[in-house]
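Asker: Numbering of the sequence shown is given in UniProt numbering, commencing with residue 1 and proceeding in unit increments.
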Amino acid sequence: MLNSVDRILVAVRDLDQAEQNYREVLGAQYLDELASDHLNARGRSLVIGESTVELWTPRGAGVVSDHLDSFGEGLFFGGVSTASLAECQRFLAEQGIRFAEADGRLYLNAGGLYGMPLVVSEAAARVRANGPVSFLYELTMVLSTDWREVADCYARKLGLQRDKAVDITFARFGYEGTLLMFAPDRLDRIELAEAHDPAFAMGRFSGKRGDALYMCYIETHDLADVIRRLESRNAKWTRRTDTGKPEQDGLWIHPSALNGVLLGVSRTSLAWGWSGSPEKVEEISEVQS
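1) Determine, using beta-carbon pairs with one atom in the stretch 169-184 and one in the stretch 117-128, whether at least three such pairs fall under 8 Å.
2) Could you tell me how far apart the beta carbons of PHE76 and ALA11 are, in whole angstroms, since I believe they sit closer than 8 Å?
3) For the stretch 198-259, which segments carrying the alpha helix (DSSP H) assignment without a break, of at least 4 residues, lie completely within its bounds, in sequence order?
4) Please report the residue range of the beta strand (DSSP E) in which ARG189 lies.
5) How long is the line joining the alpha carbons of GLU101 and GLN248, rounded to whole angstroms?
6) Considering only the alpha carbon of each residue, which of GLY60, GLY43, ARG59 lies closest to THR52?
7) Mind checking GLY111: buried by the 16 CB within 10 Å criterion, or exposed?
8) Assign LEU68 to one of three DSSP states: helix, strand, or coil.
9) Counting pairs of beta carbons, one from the stretch 75-89 and one from the stretch 14-25, are three or more of them closer than 8 Å?
10) What first and last residue would you give for the beta strand (DSSP E) that runs through TRP56?
11) How about the stretch 179-194 and the stretch 266-286: do they share at least three Cβ pairs that are nearer than 8 Å?
12) Threshold first: 3 residues or longer. Then list the beta strand (DSSP E) segments lying entirely within the stretch 76-102, N to C.
13) Is GLN288 helix, strand or coil when you go by DSSP?
14) Identify, in the order they occur along the chain, each residue of the same chain with its Cβ nearer than 7 Å to the Cβ of VAL133, setting aside the five sequence neighbours on each side.
15) Using the Cβ count rule (16 or more neighbours within 10 Å means buried), how would you classify SER289?
16) Measure the C-alpha to C-alpha separation of LEU213 and MET141 and round it to an integer number of angstroms.
17) Could you check how far apart the C-beta atoms of LEU139 and VAL5 are, in whole angstroms? I think they sit under 8 Å.
18) Roughly how many angstroms lie between the CA atoms of LEU113 and ILE168, to the nearest whole one?
19) Where LEU9 and VAL120 are concerned, what is the direct C-alpha to C-alpha distance, given to the nearest angstrom?
20) With DSSP as the reference, identify every bridge partner of TYR114, one or two as the case may be.
21) Where does ALA11 sit, in a helix, a strand or coil, going by DSSP?
22) Start and end of the alpha helix (DSSP H) containing ALA151?
23) For my contact list, ARG105 and GLU54 are in at a C-beta cut-off of 8 Å; report their separation, rounded to the angstrom.
Written out as structure tokens, the structure reads:
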């Protein structure tokens, strides 16, 4: 039922300041001004590669204001696309998922999805904008609940194929879980990461928030440019490898650089290495010419 991870919605205090951050770090380009009575907020949409970042600031009480008051700036919805919004509505209703239809899309009630805040839009043609980003491909849920239970729920209620999921263990960050892939030929997915150990950031997060949206991932066709952008701003980031050479595979951008959003970045095709198809990973010489 789900086609792609197509956008993120970010609660911010200052639209202009946030837009500048996304422009300078990710090469984001302005798309449109937004307004939502459902969110009681005004917003601004930016394009990164084939995907969209929506920045939202409150007009008054509502979900954006609540997020800022409770957690500060950061992700408050992950966005996915579907081929037919009408068919998606029918499917969700059959599964007992409550949602609000507003702003030309569906805002799903997170209560029936272990805290997963999803907004579903009808799929549109994806044209890649200029800049180092190729596309968003992952929304990451950190869990205190058993990841298998959540995976079974998402497979049933979101129309994902449980048998196509790729189970993972990431000792570096102290979690285990699974990648619920949307389709076998694309990286788009929801990652479920069960974490409990307070020695790790994800374990501390689940201890405070329980089951909640934690971060997202992008693919880049120009990692060197992303690194130059980060270093020009003295922004915090963590490299993926420990080779002693310039980073060529990927990194994580600290939330302080992008208005509370923790963003993973991987070079072209690299994520296939832990997504069930390692044969699809291109050699660095092929992707960095």
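Just so you know, even glycine gets a beta-carbon here, dropped at the ideal spot from N, CA and C.
Answerer: Considering the structure as presented:
1) no
2) 5 Å
3) 201-209, 223-232
4) 189-194
5) 42 Å
6) GLY43
7) exposed
8) helix
9) no
10) 51-58
11) yes
12) 99-102
13) The predicted model places GLN288 with a pLDDT of 45, which falls under 50 and marks its position as unreliable, so this point remains unresolved.
14) LEU26, GLY27, ILE48, GLY49, ILE218, THR220
15) Because SER289 sits at a pLDDT of 35, beneath the cut-off of 50, its placement in the model cannot be relied upon, and the following sentence gives the value as read from the coordinates. Under this definition SER289 is an exposed residue.
16) 5 Å
17) 6 Å
18) 21 Å
19) 12 Å
20) Bridge partners of TYR114: none, in fact.
21) strand
22) 147-158
23) At roughly 11 Å, the Cβ-Cβ gap does not stay under 8 Å, so ARG105 and GLU54 are not in contact.
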